[in-house]
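**Student:** Okay, here's the structure, questions in a sec.
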Amino acid sequence: MGRYVLKRLGYMCVTFYVVITLTFLSMKLLPGTPFQNPKLSPVQINQLKHYYGLDQPVAVQYVKYLWNLLHGDMGGSFQFGNESVSTLLMAKFPVSMDLGLEAIILGTIFGILLGIIAGLHRGKVLDWGTMVFSVLGISIPSFIFAGVLQYFLGVYVQLFPVAGWNGPSSHVLPVISLAVGVLAEVALFMRTEMVEVINQDYIVTAQAKGLSRAAIVYKHAIRNALIPVVTILGPLTAAIITGSLVIESIFGIPGIGSQYVSSITTNDYPMIMGTTELYAGLFILSIFVVDILYGIIDPRIRVSGGRA
Amino acid sequence: MAAANESITKDMFLPAELDQSANEKISGEVVSVWKDAFRRFVQNKGAVASLIIVIAIVLMALIGPHLNNYGPTDQDLNRSNLPPRIAALSWLPFFSGKEDGIDVYQQHGIKKDFWFGTDQLGRDLWSRTWDGTQISLIIALIATLVDVFIGVTYGGISGYFGGRTDNILQRILEIISGIPSLVWIILLILVMKPGLIPITIAIMATNWIAMARIVRGEMLKLKNQEFVLASTSLGASHSRIIFKHMIPNSLGMIIINTMFSIPSAIFFEAFLSFIGLGIREPQASLGSLINSGYEVLQLHPYQTVYPGLVICLLLIAFNLIGNGLRDAFDPKLRH
Amino acid sequence: MSKLLEINDLHVQFNLIGRRVQAVRGVSLDLNVGETLAIVGESGSGKSVTSKAIMGLIPNPPGEIAKGSISFEGKDLVQYSEKQMQKIRGKEISMIFQDPMTALNPTMKIGKQIMESLIKHQGMSKHDARERAIELLKLVGIPKPEKRVDEYPHQFSGGMRQRVVIAIALACNPKILIADEPTTALDVTIQAQILDLMRDLQKKTGTAIILITHDLGVVANIAQRVAVMYGGKIVETGTLDELFYHPKHPYTWGLLASMPKLHAKTDKLLAIPGTPPDLSDPPKGCPFAARCPHAMNVCTTHMPEYTELSATQKAACWLLDERAPKVAPPETIGVGGTNND
């Protein structure tokens, strides 16, 4: 187990290092410099370049960049009068975290429940309904779904606020929009796992022991079907992050997602890079956590100390 | 019992002329994997319906913009924000040309019909929607084809040669896949500036990973199967094994995964338009149409509805085709 | 009256889309206290379905018991509800399966898997059940049971897992143990160990065993009585000696002839040509007629009745009718070893 954790930790660090380097390189490759203002004289530009250390060799800039990043310094935002990117991100992060966590928890719990029900009633109406719902949920992009909800429940029926992020009722629409994809994905996955587990020999063994159906489903089927579900939590985090960009923009939620979109439209490069690194870090961390979690709950990995 | 016994006569105890060869015949016709898969696919009503929908949308994307006389980029502020009107269907509320009970066409004194209405700049949304569909499909198609090519090559080399090559390639893949595709796509587009080709490149830069993994898995599985071992021991060359055995046998998985790549590419294109990294005006894609429709969603919902409907139909249909193909090829379900 | 189990005219069918497979077509069997009965036949003969029917484990739908009775200690299990069957399964009748690699829950400790039925059927406390589980592991010959009780299935070898499966089955001292091909998935050397274990345990516990197998070698090793199944029917039944030394049904001959023998004069393995009948459209007459080298016209049209050859042996074959020509069993069926070793 120790070796397994160490190996995953190694991967995590290398991946994050690659992301940071990529971000740095793309910053160097960006067309045009931040100082393209025609009002600036060549002298002024050189002064500015010197101020930001851009006249030094790329290697030196790279090391400096890494060093600053290590201290949480991601530079200043162009949009917000050179205010520190990390401070801005930290201020907006809790809102996005709230939205993301609410969506992922809601989607996972209901997805698992739906998947179990469908798997146990394979071929019946409930199963069929779940499948239809899942295909729709996976196919329809969250921004379309958000638009439909916003128009009907927000504008038309006026049941929930159309935008904003204050008070529980304002959470309803964005969280649902974001959670639907997760729910559909988890439900479909869980259903497949349930169907597979139920056809396993050890379920027959459990039946032959004289256990009740409820005990078999609860103690043998669900536990075994749940373990692989953990593996899709990593990709789902990525989906939640992607989805949060549009959902936050559509519902005007003051999180890092909508901030990201606005920094893209205003070419606020330090902000874009900082947010990119934050997202990458979150994703990489979630993959790491999922790997470790999988190792903990699946005894086959726990004992042998690594995936075969 | 006695009655049954009576019906049995002595002459029935003569040796029966039984054709022993009839015994060895295989009941049921011999079907190839492909024919079998095709038969299963055709039986899947959802998948067949989806295929028809996709074909219809592709056809409309090709001929749709030419079905009326308005170009997709022709602007005319006199006819801005007209709701959809189709004279023959004007009894239907969505094609009446009325908005909030007011006949907007009469108000502006416009005689001609705009089937899907017009946008803020008075551009015909029918032409723009199908033109946008065309662009979205082109991006998805190119991105997917290149994905398949890169993924199959990478996964094939990794799985077929195995050993050290595989080890190195897998480590690289593990790191690449650890980076969310959002990050790749945004960095790539920022460096290249938004446009048809950069978007295509950015989308294909991440989608190949799943394909590479699947192909590698298939290769590893096939490599150790008897028929490939037999072929190797008979001295078949690498190319013969790859083209005669490996590729035909993993084609099913490749096709299935391709079918799931297309909707993912369509989605990402739309997503990019949404966050301002998509196709630039006056060009349109489904994503950019939906995005500009959202700006006036509360006033003129029809501007979002049609491109939204097309993209949903496309995504659902491709996913259902993918599901249908997976079921058709899945040997676990075959009896 | 020492009949523990009596199956009478059992019919099991599976209603699939567009066809109905009659997997078991009128099977009658009985089992005495403490004896071992082997049901022999090739795959698809209905032997596993019969055993599942006894356990009440025929998946319904698509399967159903269309006709017949299974009486256990005088009570008809066919009429039992699922709830009532749960009290029989694992307690009175238990079962071990073919593949020990998949028969155990991979994410549950071995001990817990044994304890489950103890807690359910005997109302033991967790602590007592654990003690008993360790005892059972010791009984089935697993070394260091106190330690291994807390291990997971993947930490055991195939043979050891089959021992665990046996321990689970024997946990509540069942009266009948159904063993469905218990050694098929194991190495030959391990097979012998498992058979020895089963024989030993039977001596200790007095459990009656129904052994389902296609391997006559296994039968010779452990069974007292044998029933030969073909095409959903029992074609011949008798004691071990009767079946091995005086077989009467051509299918039994074929089975015996196809057993590889150490000192055989030919270097060919004798197979029975042809394939078993399609049970979604079962033949009107004897199911074996199409493959039988001695088939007569009557065989294809009428199912033969059982002919009682002794108090214990009977066979269903038209060759035993007085009107039929006399056919001698082929010489190749000589039995390699004796059954009392």
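Residue numbers (UniProt numbering), protein chains in the order written: chain W, 1 to 308; chain S, 1 to 335; chain X, 1 to 341. Where a beta carbon is used, it is the ideal one built from N, C-alpha and C, also for glycine.
Would you mind working out which of X:K203, X:A103 and X:V188 sits nearest L139 (chain X), comparing C-alpha positions?
**Tutor:** Of X:K203, X:A103 and X:V188, the residue nearest in Cα terms is X:K203.
**Student:** By the 10 Å Cβ neighbour count, where 16 or more other Cβ atoms means buried, how is A3 (chain S) classified, buried or exposed?
**Tutor:** Any reading at A3 (chain S) must be qualified, since the residue scores a pLDDT of 42, below 50, and its modelled position is unreliable; the value itself is stated next. Per the 10 Å Cβ criterion, exposed.
**Student:** Determine whether the beta carbon atoms of T183 (chain X) and L195 (chain X) lie at a separation below 8 Å.
**Tutor:** Contact: yes.
**Student:** Going by beta-carbon coordinates alone, are K314 (chain X) and R25 (chain X) separated by less than 8 Å?
**Tutor:** Contact flag unset, no.
**Student:** Distance cutoff 8 Å, beta carbons only. Does V290 (chain W) sit that close to anything in chain X?
**Tutor:** V290 (chain W) does not count as touching chain X.
**Student:** Going by DSSP, what residue range makes up the alpha helix (DSSP H) through Q122 (chain X)?
**Tutor:** Here the alpha helix (DSSP H) through Q122 (chain X) covers I110 to Q122.
**Student:** Suppose you measure from the CA of L286 (chain S) to the CA of L120 (chain W); what does that come to, to the nearest Å?
**Tutor:** The alpha-carbon atoms of L286 (chain S) and L120 (chain W) are separated by roughly 39 Å.
**Student:** Taking E146 (chain X) as the reference, give the member of X:L216, X:T307 and X:E135 with the closest Cα.
**Tutor:** The residue with the shortest Cα to Cα distance from E146 (chain X) is X:E135.
**Student:** Please report whether the beta-carbon of P15 (chain S) lies at a distance below 8 Å from any beta-carbon of chain X.
**Tutor:** Yes, because at least one Cβ of chain X sits closer than 8 Å to the Cβ of P15 (chain S).
**Student:** Closer than 8 Å between beta carbons: that is the criterion. Which residues of the region 314 to 326 of chain X meet it against chain S?
**Tutor:** If the cut-off is 8 Å between Cβ atoms, the region 314 to 326 of chain X has W318, D321, R323, A324 and P325 near chain S.
**Student:** Pull out every residue of the region 181 to 207 of chain W whose Cβ sits closer than 8 Å to any Cβ of chain X, in chain order.
**Tutor:** Answer set for the region 181 to 207 of chain W: Q200, D201, Y202, V204, T205, A206 and Q207.
**Student:** State buried or exposed for Y65 (chain W), treating a residue as buried only when at least 16 other CB atoms are found within 10 Å of its CB.
**Tutor:** Buried.
**Student:** Helix or strand or just coil, what does DSSP make of I255 (chain S)?
**Tutor:** Three-state result, I255 (chain S): helix.
**Student:** Could you give the distance in angstroms between the alpha-carbon of G336 (chain X) and the alpha-carbon of L216 (chain X)?
**Tutor:** The predicted model places G336 (chain X) with a pLDDT of 46, which falls under 50 and marks its position as unreliable, so this point remains unresolved.
**Student:** Spatial neighbours of S45 (chain X) within its chain, please: CB distance less than 8 Å, with the 5 preceding and 5 following residues excluded, ordered by chain position.
**Tutor:** Closer than 8 Å at Cβ, skipping near neighbours: M229, Y230, G231, G232 and P276.
**Student:** Tell whether a beta-carbon distance below 8 Å holds between I201 (chain S) and L272 (chain S).
**Tutor:** Taking 8 Å as the Cβ cut-off, I201 (chain S) and L272 (chain S) do not qualify as a contacting pair.
**Student:** On the DSSP bridge assignment, give the partners of P287 (chain X) in chain order.
**Tutor:** Paired residues: none, contrary to the question.
**Student:** What does the Cβ neighbour count give for T165 (chain S), buried or exposed, with the cut at 16 atoms within 10 Å?
**Tutor:** Exposed is the call here.
**Student:** Identify the contact partners of L57 (chain X) in chain W, using a Cβ-Cβ distance below 8 Å as the criterion.
**Tutor:** Residues of chain W passing the Cβ test: V204, Q207 and A208.
**Student:** Measuring only the C-alpha atoms, how far is F318 (chain S) from F260 (chain S)?
**Tutor:** Going by the C-alpha atoms only, they are around 7 Å apart.
**Student:** Between T242 (chain W) and chain S, is there a C-beta pair that is closer than 8 Å?
**Tutor:** Cβ-Cβ to chain S under 8 Å: yes for T242 (chain W).
**Student:** Three or more beta-carbon pairs under 8 Å between the region 284 to 303 of chain W and the region 223 to 240 of chain W, yes or no?
**Tutor:** Short answer: they touch.
**Student:** Checking 8 Å against the spacing of the C-beta atoms, do I240 (chain W) and G100 (chain W) come in under that value?
**Tutor:** Yes.
**Student:** Report all residues from its chain with a CB closer than 6 Å to the CB of D99 (chain X); omit the five preceding and five following residues, and keep chain order.
**Tutor:** Excluding positions up to five away in sequence, the list reads A185.
**Student:** According to DSSP, simplified to helix, strand and coil, what is L320 (chain S)?
**Tutor:** Reduced to three states, the DSSP call for L320 (chain S) is helix.
**Student:** List the residues of chain W that L104 (chain X) touches, going by C-beta distances under 8 Å, in chain order.
**Tutor:** The contacting residues are Y202 and T205.
**Student:** Look at the alpha carbon of T107 (chain X) and the alpha carbon of P153 (chain X), and state the distance between them as a whole number of angstroms.
**Tutor:** Each residue's alpha carbon lies about 8 Å from the other.
**Student:** Would DSSP call P15 (chain S) helix, strand or coil?
**Tutor:** P15 (chain S): strand per DSSP, three-state reduction.
**Student:** For R323 (chain X), count neighbouring Cβ atoms within 10 angstroms of its own Cβ and tell me buried if that reaches 16, exposed if not.
**Tutor:** So R323 (chain X) ends up on the exposed side.
**Student:** Can you pull out the residues from the region 264 to 276 of chain S whose beta carbon lies closer than 8 Å to at least one beta carbon of chain W?
**Tutor:** Those would be F267, A270, F271, F274, I275 and G276, in chain order.
**Student:** Between which two residues does the alpha helix (DSSP H) harbouring D196 (chain X) extend?
**Tutor:** It spans V188 to T205 - the alpha helix (DSSP H) in which D196 (chain X) sits, taken as one unbroken run.
**Student:** Can you tell me which of X:Q162, X:Q79 and X:K75 puts its alpha carbon nearest to the alpha carbon of A103 (chain X)?
**Tutor:** Looking at the Cα atoms, X:Q162 is the closest of the given residues.
**Student:** With three or more C-beta pairs closer than 8 Å as the rule, is the region 145 to 159 of chain W touching the region 274 to 283 of chain S?
**Tutor:** Taking 8 Å as the limit for Cβ pairs, the verdict is that the region 145 to 159 of chain W does not touch the region 274 to 283 of chain S.
**Student:** Terminal residues of the continuous alpha helix (DSSP H) containing S26 (chain W)?
**Tutor:** It spans G2 to L29 - the alpha helix (DSSP H) in which S26 (chain W) sits, taken as one unbroken run.
**Student:** Under the rule that 16 or more other beta-carbon atoms within 10 Å means buried, what is V207 (chain W), buried or exposed?
**Tutor:** Per the sequence shown, residue 207 (chain W) should be read as Gln rather than Val. Q207 (chain W) is buried by the Cβ-count criterion.
**Student:** So is residue 310 (chain W) in contact with chain S if we call contact Cβ pairs under 8 Å?
**Tutor:** Examination of residue 310 (chain W) is not possible in this model, given that chain W is present from 1 through 308 alone.
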